[in-house]
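Novice: The sequence shown begins at 738 in this note's numbering and counts up by one.
Backbone N, C-alpha and C define an ideal beta-carbon position, used for all residues, glycine too.
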Amino acid sequence: MHNVLKPWILFVLLSWVIIAPADSAEPLVLKPSENGILRAELAVDSYSYTPADLIVTVDHPVELTLKSVTVIVPHNFVIKAPELGVEINQNVPAGKTVTVRFTPTHPGKAKFYCDKKLLFFKSHEEKGMKGTLEVKEKEVKEKEVKEK
Ligand SMILES: [Cu+2]
Numbered sequence: 738m739h740n741v742l743k744p745w746i747l748f749v750l751l752s753w754v755i756i757a758p759a760d761s762a763e764p765l766v767l768k769p770s771e772n773g774i775l776r777a778e779l780a781v782d783s784y785s786y787t788p789a790d791l792i793v794t795v796d797h798p799v800e801l802t803l804k805s806v807t808v809i810v811p812h813n814f815v816i817k818a819p820e821l822g823v824e825i826n827q828n829v830p831a832g833k834t835v836t837v838r839f840t841p842t843h844p845g846k847a848k849f850y851c852d853k854k855l856l857f858f859k860s861h862e863e864k865g866m867k868g869t870l871e872v873k874e875k876e877v878k879e880k881e882v883k884e885k
């Protein structure tokens, strides 16, 4: 019995160790819907956004649905990236779902974060509530994506 189980357990543990970190670090590439809008839904929690890394395409309208999964703590969604043509400061009340829309006008990379902070405590951003928005040039090599 022991001899049969052991390799199996080892295999499960190993595959978890190998798969788990890669999975969570993988950025989400937003694909256009039928009307050309890049849509994604983000879970807003204390203190994280999931997914936290988004890749969009320049000059494509983006629509993010921010779904708060917290009960008490209010959050927000801030991007200050005039160099990308994106400036957002949107409140996300506890348990509510809000939508933000923007169209990046320049390629580049920016941070989004929650700037809420209670008194002398660490800000939500400092507690890990942040992510990245990467704006890519048009005509991303389709070939590379297909070959994966
Ligand atoms: Cu917050």
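1) Alpha carbon to alpha carbon, what distance is there between Glu771 and Asp796?
2) Report yes if the C-beta distance between Val829 and Phe839 is below 8 Å; otherwise report no.
3) If I follow the unbroken beta strand (DSSP E) through Thr787, where does it start and stop?
4) For the beta strand (DSSP E) that Ala847 lies in, which residues bound it at each end?
5) Which residues in the same chain have their Cβ closer than 6 Å to the Cβ of Leu870, if we skip the five residues on either side of it in sequence?
6) Over what stretch of residues does the beta strand (DSSP E) that includes Glu778 continue unbroken?
7) Measuring only the C-alpha atoms, how far is Pro798 from Asn813?
8) How big is the Cα-Cα spacing for Phe858 and Lys864?
9) My output table needs one value for Ala759: the three-state DSSP class, helix, strand or coil.
10) Apart from the five residues just before and just after Thr780, which ones in its own chain have a Cβ nearer than 6 Å to its Cβ?
11) In chain order, what residues of the same chain lie with their CB nearer than 6 Å to the CB of Glu876, ignoring the 5 residues before and after it?
12) Would you check whether ligand 1 has a heavy atom nearer than 7 Å to the C-beta of His861?
Specialist: In short:
1) 16 Å
2) no
3) 785 to 787
4) 845 to 850
5) Leu791, Ala847, Phe849
6) 775 to 782
7) 21 Å
8) 10 Å
9) Confidence is the limiting factor: at Ala759 the pLDDT is only 44, short of 50, which leaves the residue's position unreliable, though a coordinate-based value still follows. Here Ala759 sits in helix by DSSP.
10) Sequence inspection shows Ala at residue 780; the Thr mentioned does not correspond to that position. Around Ala780: Thr787, Lys804, Val806.
11) none
12) yes
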